[in-house]
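*Asks:*
Chains as they are written, first to last, in the working numbering: chain A, 227 to 451; chain B, 132 to 208.
(1) Terminal residues of the continuous alpha helix (DSSP H) containing residue 296 (chain A)?
(2) Keeping to the same chain, check which residues put their C-beta closer than 6 Å to that of residue 308 (chain A); ignore five residues upstream and five downstream.
(3) How would you label residue 194 (chain B), buried or exposed, when you count the other beta carbons within 10 angstroms and need 16 or more for buried?
(4) Who are the near neighbours of residue 271 (chain A) in its chain, counting only those whose CB is closer than 6 Å to its CB and skipping five residues on each side?
(5) Can at least three beta-carbon pairs, one atom from the region 408-426 of chain A and one from the region 240-250 of chain A, be found at a separation below 8 Å?
(6) Using a Cβ-Cβ distance cut-off of 7 Å, determine whether residue 337 (chain A) contacts chain B.
(7) When we look at the beta-carbon of residue 339 (chain A) and count the other beta-carbons within 10 Å, is it buried (16 or more) or exposed?
(8) Give the C-beta separation of residue 434 (chain A) and residue 427 (chain A) to the nearest angstrom, bearing in mind that I take them to be a contact with Cβ-Cβ under 8 Å.
(9) Anything in chain B within Cβ reach of residue 323 (chain A), meaning under 8 Å, just list it in chain order.
(10) My output table needs one value for residue 176 (chain B): the three-state DSSP class, helix, strand or coil.
(11) Take the Cβ of residue 196 (chain B) as the centre, count every other Cβ of all protein chains shown within 10 Å, and call the residue buried at 16 or more, exposed below.
(12) Mind checking the region 426-440 of chain A against chain B and listing, in chain order, the residues whose C-beta falls within less than 9 Å of any C-beta there?
(13) Which same chain residues, not among the five before or five after residue 152 (chain B), have their C-beta less than 6 Å away from its C-beta?
(14) Okay, do the region 345-362 of chain A and the region 323-332 of chain A touch, 3+ Cβ pairs below 8 Å being the bar?
(15) If you measure beta-carbon to beta-carbon, which residues of the region 309-333 of chain A are closer than 8 Å to chain B?
(16) Using a Cβ-Cβ cut-off of 6 Å (strictly less than) and excluding sequence neighbours within five positions of residue 258 (chain A), which residues of its own chain qualify?
(17) Would you give the residue range spanned by the beta strand (DSSP E) that residue 330 (chain A) belongs to?
(18) Considering only the beta carbon of each residue, do residue 344 (chain A) and residue 369 (chain A) sit closer than 7 Å?
(19) For residue 203 (chain B) and residue 176 (chain B), which I take to be in contact (beta-carbon distance under 8 Å), what is that distance rounded to the nearest angstrom?
(20) Of all the residues that make up the region 143-164 of chain B, which are near chain A by a beta-carbon distance shorter than 9 Å?
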């Protein structure tokens, strides 16, 4: 079965090609590239990816403008139908602004842009996106962001922890995120937002392959669904 | 009708930018500054018959992120 994926590009996205390359490498099928102003997503999608970057120049708040672009109405509809949606970095910010995920991504506590490999611990290894890992596994995935400081109020944090919705935690909290949260799932488990870039860790020549298991695991989970 | 929307971080939400500005003020020799919080002002020029409900919706849907921010709508006439 061909794996039909789409990568959304907003004005200012800059990791869309990396995401498409990673998806193609793992699935053998070229993802459909979708522009933010498109009114419709292709039919029969198995996977939607929102890439990193600086959509709309981070005007107003990171991800705020993109969250209200025409294609996001379609992405929200698809997510509600259960289509897996992965948002990385700016894609995570867009998903929180679109209210598909709880919380908000604020300026890093250090005020600095952080660009390096981050140690992560896999908290939930049972989601579509994390089934290629084992619970408690420690992996290394690059981060590159200015606004990655995950914030939610205590009640929301307790709730998402209780529901097993923390996918990844930083082993070394580099940006001030509440409870070291690096990646969070929606309640249904088909939407994941994460600040680290798994699509930048799929080729040994780029310094690591710990991101591969995310894409491979998702493909496998979807094939057996 | 001129509208001013003041967007501020909710109490308890860390403001790294405000903290950096606080340090900078101290560096300039201004003592006695207890705290600095940075927000945003959005000025709107809207039709006179724009309802309060519409203004509130603008704030809720886009101008503020109510997860982390409060907003205040001021009518300037």
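Note that the Cβ used here is the ideal one computed from N, Cα and C, for glycine as well.
All of these numbers come straight from a predicted model, not from anything done at the bench.
*Replies:* By the coordinates alone:
(1) First-last of the alpha helix (DSSP H) with residue 296 (chain A): 296-307.
(2) Here the set comprises 416.
(3) With 16 or more other Cβ atoms from the protein chains shown falling within 10 Å of its own Cβ, residue 194 (chain B) counts as buried.
(4) If we look at residue 271 (chain A) and ignore the five residues flanking it on each side, its Cβ neighbours are 230, 232, 309.
(5) Put simply, the region 408-426 of chain A touches the region 240-250 of chain A. At least three CB pairs are less than 8 Å apart.
(6) Chain B has a Cβ within less than 7 Å of the Cβ of residue 337 (chain A).
(7) So residue 339 (chain A) counts as exposed.
(8) Yes, residue 434 (chain A) and residue 427 (chain A) are in contact; Cβ-Cβ is about 5 Å, under 8 Å.
(9) Think of a sphere of 8 Å around the beta carbon of residue 323 (chain A): the chain B residues whose beta carbon falls inside it are 196, in chain order.
(10) In the three-state reduction of the DSSP assignment, residue 176 (chain B) falls in the strand class.
(11) It counts as buried.
(12) If the cut-off is 9 Å between Cβ atoms, the region 426-440 of chain A has nothing near chain B.
(13) Only 167 meet the Cβ criterion.
(14) Fewer than three beta-carbon pairs drawn from the region 345-362 of chain A and the region 323-332 of chain A are found closer than 8 Å, and the two stretches are therefore not classed as touching.
(15) Shown in chain order are the members of the region 309-333 of chain A whose Cβ falls below 8 Å from a Cβ of chain B: 322, 323, 328, 329, 330, 332, 333.
(16) 232, 268.
(17) It spans 330-332 - the beta strand (DSSP E) in which residue 330 (chain A) sits, taken as one unbroken run.
(18) In terms of Cβ geometry, residue 344 (chain A) and residue 369 (chain A) form a close pair [threshold 7 Å].
(19) Actually they do not touch by this definition, with Cβ atoms about 18 Å apart.
(20) Correct list: 143, 144, 145, 146, 147, 148, 150, 151.
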